[in-house]
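Colleague: My structure is below; once you've seen it, I'll send some questions.
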Amino acid sequence: MRAQVLIRPKAGILDPQGVAVEQALPALGFSGVSDVRIGRLVELEVDDPAQLEAMCERLLANPLIEDYEIVGR
Amino acid sequence: MRFGVVQFPGTCDERDALLACGQVGDAELLWHGDADLKGVDAVVIPGGFSYGDYLRVGAIARFSPVMSAVSAFAREGGPVLGICNGFQVLCEAGLLPGALLPNLERRFICRQLDIEVVDAGTPWTRALSAGQLLSIPAKHTTGRWYAPPALLDDVRVVFRYAHDGNPNGSTNDVAGVANAAGNVVGLMPHPEHAIDALRGSVDGLGLFASPAGALAGA
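Structure below.
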């Protein structure tokens, strides 16, 4: 099956990429944007979705600095 | 004293690391696909972009065959030094506490800076003294060392950026840490680039001389 894993910087960890985008949007005329956070999307074909959690814990995310969410399974 | 310098695909500082180790002992390359440490007395994991730094810095390198041998060597008390990308790999491998995040200012930094020796009790800092300043270059994009507040009290800090000169926003100005036993040390700045007067500083040599002296005195 096709699975998707969303990986985000943990709450409280400063995300410089998010800050850069947040500062760039007003330059294009967009206003009222705050708290931009940038993570990763991993899409993968897996035979056994039960293994996804272990994959996230061991490789796809670093649980010390990132939260992950398994979607689409 | 024989040093092994680990080379992953994408490592780029192995030559300088070999030169640095060669000043105080013998040094040879350890290829990432080899699970054999060839009987070396100490291991250096140099800087670069192992496996393209895909996914996260150091994330893929940690699963290479040589790293299983390095982990076993470290658990037995063998001296292991990780520099820059090597530091990132050791954190990902769980051999050092914390993780490295992108620099606060979102820029690649490359400059000579001073770090202070905080802990001179590790096999990599025995030839140095606490409070001593070392002039060493740093060059990285992902050098912001971070550990959650709950872990901080237990972290053995080995180096700090001096004179409020923290280039990356690391927690508590940390430039380098050790594991609890002290035999595994990692730092973001590059001591292997500060071993020749031509480059303006030889302050990096003390790190490589430390395990050599420790062994000679044993």
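Protein chains in written order, with the numbering used here: chain A, 1 to 73; chain B, 74 to 291.
Backbone N, C-alpha and C define an ideal beta-carbon position, used for all residues, glycine too.
Helix, strand or coil, according to DSSP, for B:R217 in the structure here?
Modeller: Translated into the one-based positions of the second sequence, residue 217 of chain B becomes position 144. Note: B:R217 maps to strand in three-state DSSP.
Colleague: Can you find a CB in chain B that lies within less than 8 angstroms of the CB of A:L64?
Modeller: Numbered from its first residue, the first sequence carries residue 64 of chain A at position 64. Interface residue, yes.
Colleague: Identify which residue in B:W104, B:N241, B:A211 and B:R135 has its Cα closest to the Cα of B:C32.
Modeller: Because chain B is modelled from 74 through 291, residue 32 of chain B falls outside the range shown and cannot be assessed.
Colleague: Which residues of chain A have a Cβ atom closer than 8 angstroms to the Cβ of B:R179, listed in chain order?
Modeller: The count along the second sequence starts at 1 and reaches residue 179 of chain B at position 106. Result: P16, Q17, V19 and A20.
Colleague: Which bits of chain A does B:P138 rub up against, with CB to CB less than 9 angstroms?
Modeller: Position 65 of the second sequence, counted from the start, is the residue given in the question as residue 138 of chain B. Simply none; closest approach about 16 angstroms.
Colleague: Secondary structure at B:T244, three-state DSSP: helix, strand or coil?
Modeller: Counted from its first residue, the second sequence places residue 244 of chain B at position 171. DSSP places B:T244 in helix when its eight states are reduced to three.
Colleague: Could you please give the first and the last residue of the uninterrupted beta strand (DSSP E) stretch that includes B:D99?
Modeller: Along the second sequence, one-based indexing puts residue 99 of chain B at 26. Element bounds for B:D99: D99 to W104.
Colleague: Is there at least one non-hydrogen atom of the ligand GDP closer than 7 angstroms to the beta-carbon of B:C157?
Modeller: The model on display carries no ligand, and the ligand GDP is accordingly not part of it.
Colleague: Quick check on B:A253 - is its C-beta less than 8 angstroms from some C-beta in chain A?
Modeller: As a position in the second sequence, residue 253 of chain B is number 180, starting the count at 1. No - not a single Cβ of chain A is within 8 angstroms of the one on B:A253.
Colleague: Using a Cβ-Cβ cut-off of less than 8 angstroms, list which residues of the segment 154–179 of chain B approach chain A; keep chain order.
Modeller: Cβ contacts with chain A come from E165, G171, A172, L174, P175, N176, L177, E178 and R179.
Colleague: With a floor of 3 residues, list each beta strand (DSSP E) that falls wholly inside the segment 99–180 of chain B, ordered by position along the chain.
Modeller: Fully enclosed beta strand (DSSP E) runs of 3 or longer: 99–104, 115–118, 153–156 and 172–174.
Colleague: Shorter than 8 angstroms from the beta carbon of A:L41 to some beta carbon of chain B?
Modeller: What you label residue 41 of chain A is simply residue 41 of the first sequence in a count that begins at 1. No, A:L41 lies away from the interface with chain B (no Cβ there is under 8 angstroms from its Cβ).
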